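K.L.:
Here it is: the structure, laid out below.
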Amino acid sequence: MMGTAGCAGEPAGGTTPDGGGAELVDVHAHFLTDAYLAAATAAGHRTPDGMPAWPRWDVDSHLALMDASGIATSILSISSPGVHFGATGGGDEPARRLARQVNEFAAGVVAAHPTRFGQFAALPLPDVAGAVAEAVYALDELGANGVVVLSHAGGVYPADPVLDPLLEELNRRAAVVLVHPTSPPHWEAVARGRPRPLMEFLFDGARAAVDLALSDRLTRFPDIHWVFTHGGGVLPLLADRIDLFLAHVGGGAPRSRDLMSRFWYDCAGTPFPLQLPALAAVVGTERLLYGSDFCFTPPAAVAAQLASLDAAPAPEGSVSWRDLLARNAGRLVRSE
5 MMGTAGCAGE PAGGTTPDGG GAELVDVHAH FLTDAYLAAA TAAGHRTPDG
55 MPAWPRWDVD SHLALMDASG IATSILSISS PGVHFGATGG GDEPARRLAR
105 QVNEFAAGVV AAHPTRFGQF AALPLPDVAG AVAEAVYALD ELGANGVVVL
155 SHAGGVYPAD PVLDPLLEEL NRRAAVVLVH PTSPPHWEAV ARGRPRPLME
205 FLFDGARAAV DLALSDRLTR FPDIHWVFTH GGGVLPLLAD RIDLFLAHVG
255 GGAPRSRDLM SRFWYDCAGT PFPLQLPALA AVVGTERLLY GSDFCFTPPA
305 AVAAQLASLD AAPAPEGSVS WRDLLARNAG RLVRSE
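Numbering follows this note's numbering, with no gaps: position 296 of the sequence shown is 300.
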């Protein structure tokens, strides 16, 4: 099983099928179960976040994608809309049961394929008590690599003080927390009928990151390892503007690059030619990670993303982007 967060270690060994570099650790990989799909659909999520339909997932197809792509290990997580569907899903108790079901299913996949899969456990937020209990169970009993939270849960963003009991437990365990974007509050007014992953996810993920960076949570809970998806979304474009406001409106010293460089970022989506260079210009390259976003991103798009990584000039000090991303993952999670 993949190991704990924040421990030095070597990246997954081996090379890509064509010898192009170190094999990757995919920190942004999703799974689905029949029970999860049934619960989400019953709660009204027939087209998740405005996408045309739910994708299909099974272990064998995921392994086939990994083998074809040079991915050594995928860390599985539940994507948006998460496991808590609000009143339409029955409230807190069904969300707690669903979180437990998907987490134990993922743990079973990891047990069957311990070198190929890891797990970021789902939490039933905004039910804080339920989320604390599930995080403790998943991290301590199931051996999860970390947890996944949405950019907000019912309008509650990760820096909201109501989540402090959860952050205390995660900080105590030096946990990895994957922050996955979701449809923003009042998305009906802004998405204008388009799938929310097209644009709204990139804004809401950045909103969660900025809220964390400008709060005291990074100081109060310094041992949590926050991972943001899709290259930080629109975050790289906000750094200069945040510093402008800190200097001239907020009364603080410009420090956005320092704050943003405390996070980790996966490169799911369209890393080149623009996204990853823009992010690296703000935070450097030492906390960049690989993410496929499979199964919500189909295999052909995963292949295109990897082709763009392989065609890009190698970052300074690395043989290739694969080499850099694999080494970085070895610093975040390790094999036991």
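By construction, the Cβ of each residue, glycine as well, lies at the ideal position given by its N, Cα and C atoms.
This structure is a prediction, so every number in the text was calculated from the model and none was measured.
Can you grab the Cα-Cα spacing for the pair Arg211 / Gly90, in whole Å?
P.N.:
Within the sequence shown, the letter at position 207 stands for residue 211. Within the sequence shown, the letter at position 86 stands for residue 90. One C-alpha to the other measures close to 22 Å.
K.L.:
Starting from the C-beta of Pro275, find all residues in its chain whose C-beta is less than 7 Å away, skip the five residues before and the five after it, and write them out in chain order.
P.N.:
Position 271 of the sequence shown, counting from 1, holds the residue named residue 275. Counting only Cβ-Cβ distances below 7 Å, and skipping sequence neighbours, we find Gly235, Gln309, Ser312, Leu313.
K.L.:
Suppose the cutoff is 7 Å on Cβ atoms and the five residues either side in sequence are ignored; what does the same chain contact list for Glu204 look like?
P.N.:
Residue 204 sits at position 200 when you count from the first residue of the sequence shown. For Glu204, where only same-chain residues beyond five positions count, the Cβ hits under 7 Å are Ser187, Pro188, Trp191, Val194, Ala195.
K.L.:
How about the stretch 293 to 306 and the stretch 255 to 267: do they share at least three Cβ pairs that are nearer than 8 Å?
P.N.:
The stretch 293 to 306 vs the stretch 255 to 267: no contact.
K.L.:
Who does Ser78 pair with in a DSSP beta bridge?
P.N.:
In the sequence shown, the residue the question calls residue 78 occupies position 74. Answer is Asp30, Phe121, bridged to Ser78.
K.L.:
So, at 6 Å on beta carbons, what are the nonlocal neighbours of Arg291 in its own chain, with the 5 sequence-adjacent residues on each side left out?
P.N.:
Counting from one through the sequence shown, the residue named residue 291 turns up at place 287. Result list for Arg291: Trp268, in chain order.
K.L.:
Tell me which same chain residues have a C-beta within less than 8 Å of the C-beta of Thr37, skipping the five on either side of it?
P.N.:
Counting from 1 along the sequence shown, the entry for residue 37 is found at position 33. Closer than 8 Å at Cβ, skipping near neighbours: Gln105, Val106, Phe109.
K.L.:
So, with DSSP's three-state summary, where would you put Tyr294?
P.N.:
On the sequence shown, position 290 is the one that residue 294 refers to. The answer is strand: DSSP assigns Tyr294 an E or B state.
K.L.:
Could you compute how far the alpha carbon of Val136 sits from the alpha carbon of Gly48?
P.N.:
For the purposes of this step, residue 136 is identified with residue 132 of the sequence shown, where counting begins at 1. For the purposes of this step, residue 48 is identified with residue 44 of the sequence shown, where counting begins at 1. In a straight line, the C-alpha of Val136 is about 26 Å away from that of Gly48.
K.L.:
With burial defined as no fewer than 16 other Cβ atoms inside 10 Å of the residue's Cβ, what is the status of Asp270: buried or exposed?
P.N.:
The residue labelled residue 270 in the question sits at position 266 within the sequence shown. When all chains shown are included, Asp270 counts as buried.
K.L.:
Is it the case that the stretch 138 to 145 contacts the stretch 228 to 246, given that we only count it when at least three CB pairs across the two stretches are under 8 Å?
P.N.:
Because the criterion of three Cβ pairs below 8 Å is not met, the stretch 228 to 246 and the stretch 138 to 145 do not touch.
K.L.:
Count the other C-beta atoms from every protein chain shown that fall within 10 angstroms of the C-beta of Gly93, then say buried if there are 16 or more, exposed otherwise.
P.N.:
The count along the sequence shown starts at 1 and reaches residue 93 at position 89. Burial call: buried.
K.L.:
What number of angstroms, rounded off, separates the C-alpha of Arg266 from the C-alpha of Tyr40?
P.N.:
For the purposes of this step, residue 266 is identified with residue 262 of the sequence shown, where counting begins at 1. For the purposes of this step, residue 40 is identified with residue 36 of the sequence shown, where counting begins at 1. Roughly 33 Å between the two C-alpha positions.
K.L.:
Is Pro185 near Ala157, with beta carbons less than 7 Å apart?
P.N.:
Taking the sequence shown and counting its residues from 1, one reaches residue 185 at position 181. Taking the sequence shown and counting its residues from 1, one reaches residue 157 at position 153. No, the pair does not count as a contact, with Cβ atoms beyond the cut-off.
K.L.:
Along the alpha helix (DSSP H) that carries Trp191, what are the first and last residues, could you check?
P.N.:
Locating residue 191 in the sequence shown gives position 187, where the first residue counts as 1. Segment 191 to 195, the alpha helix (DSSP H) holding Trp191.
K.L.:
Quick one: is Phe285 buried, meaning 16 or more other Cβ sit within 10 Å of its Cβ, or exposed?
P.N.:
Numbered from 1 along the sequence shown, position 281 holds the residue referred to as residue 285. Per the sequence shown, residue 285 should be read as Ala rather than Phe. The residue in question, Ala285, is exposed, as its Cβ has fewer than 16 Cβ neighbours within 10 Å.
K.L.:
Assuming Glu27 contacts Ala330 under a Cβ cut-off of 8 Å, what Cβ separation, rounded to an integer in Å, is found between them?
P.N.:
Against the sequence shown, residue 27 aligns to sequence position 23. Against the sequence shown, residue 330 aligns to sequence position 326. Sure, about 6 Å apart at Cβ, within 8 Å.
K.L.:
Could you round the C-beta distance between Pro199 and Met55 to whole angstroms and report it? I think they count as a contact, below 8 Å.
P.N.:
Translated into positions along the sequence shown, residue 199 becomes position 195. Translated into positions along the sequence shown, residue 55 becomes position 51. Rounded, the Cβ-Cβ distance is 5 Å, consistent with contact.
K.L.:
Are the beta-carbon atoms belonging to Val87 and Ala99 less than 7 Å from one another?
P.N.:
Residue numbering aside, residue 87 sits at position 83 when the sequence shown is read from its first letter. Residue numbering aside, residue 99 sits at position 95 when the sequence shown is read from its first letter. Yes, they are a contact pair.
K.L.:
To the nearest angstrom, report how far apart Arg50 and Arg60 are at their CA atoms.
P.N.:
Locating residue 50 in the sequence shown gives position 46, where the first residue counts as 1. Locating residue 60 in the sequence shown gives position 56, where the first residue counts as 1. If I take the Cα positions, the gap works out to 14 Å.
K.L.:
Taking the beta strand (DSSP E) that His229 falls in, what are its first and last residues?
P.N.:
Locating residue 229 in the sequence shown gives position 225, counting from the first residue. Run containing His229: 229 to 232, per the beta strand (DSSP E) assignment.
K.L.:
Spatial neighbours of Ala46 within its chain, please: C-beta separation below 8 Å, excluding the five flanking residues on both sides.
P.N.:
Locating residue 46 in the sequence shown gives position 42, counting from the first residue. These residues qualify, in order along the chain: Gly93.
K.L.:
Which whole-angstrom value is the C-beta distance of Pro201 and Asp53, which I expect to be below 8 Å?
P.N.:
Along the sequence shown, read from residue 1 onward, the residue named residue 201 stands at position 197. Along the sequence shown, read from residue 1 onward, the residue named residue 53 stands at position 49. That pair is a contact at about 6 Å.
K.L.:
How many Å lie between Ala57 and Leu102 at the Cα?
P.N.:
Position 53 of the sequence shown, counting from 1, holds the residue named residue 57. Position 98 of the sequence shown, counting from 1, holds the residue named residue 102. Spanning the two alpha carbons is a distance of roughly 21 Å.
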